[in-house]
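FYI, our numbering numbers position 55 of the sequence shown as 105, with every residue one higher than the one before it. All C-beta atoms in this analysis are idealised placements derived from N, C-alpha and C, irrespective of residue type, glycine included. Computed from a predicted model, the values in this text were never measured in an experiment.
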Amino acid sequence: MKELLRSNDPVTLSIATSILRGEGIEVFHLDQHASILEGSIGAIQQRLMVADRDHFRGKAILRDHGIES
Numbered sequence: 051m052k053e054l055l056r057s058n059d060p061v062t063l064s065i066a067t068s069i070l071r072g073e074g075i076e077v078f079h080l081d082q083h084a085s086i087l088e089g090s091i092g093a094i095q096q097r098l099m100v101a102d103r104d105h106f107r108g109k110a111i112l113r114d115h116g117i118e119s
C-alpha cells in the first residue's frame, strides 16, 4: 500500500475517492475515525491509500483532475 493523498479537506477526499473508484482503483481511507475523534479541528490529516500497482496511475488521474498531493 502507498499513500496517494493526505488532506484535512473532506470534500477533496470524497471527490478523489469517487474519481479513483470510477477509474477502477480501489481506495482505502485511513485516519477517518481518528480525525472525527479529535473534534474535526484538522489536527490529524486523513490519508487515501492504494495498492502499489495503482499508485502511479492514481497520481496521474488525480493530477489530471487538479488534485495535487
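Local Cβ density within 10 Å of residue i, reported as buried at 16 or more and exposed below that
{"i": "Gln96", "result": "buried"}
{"i": "Gly108", "result": "buried"}
Alpha carbon of residue i to alpha carbon of residue j, nearest angstrom
{"i": "Leu70", "j": "Ala84", "result": "23 Å"}
{"i": "Leu63", "j": "Leu80", "result": "11 Å"}
{"i": "Glu53", "j": "Arg113", "result": "15 Å"}
Contacts around residue i, its chain only, beta-carbon distance under 8 Å, and the 5 residues preceding and following it disregarded
{"i": "Phe78", "result": "Met51, Leu98, Met99, Val100"}
Closest Cα partner of residue i within the set the options
{"i": "Gln82", "options": "Asp102, Phe106, Ser57", "result": "Ser57"}
{"i": "Gly74", "options": "Arg103, Ile117, Glu53, Arg113", "result": "Arg103"}
{"i": "Asp59", "options": "Leu112, Gly72, Ile94", "result": "Ile94"}
Residues near residue i in its chain [Cβ-Cβ closer than 6 Å; skip 5 each side]
{"i": "His115", "result": "Ile69"}
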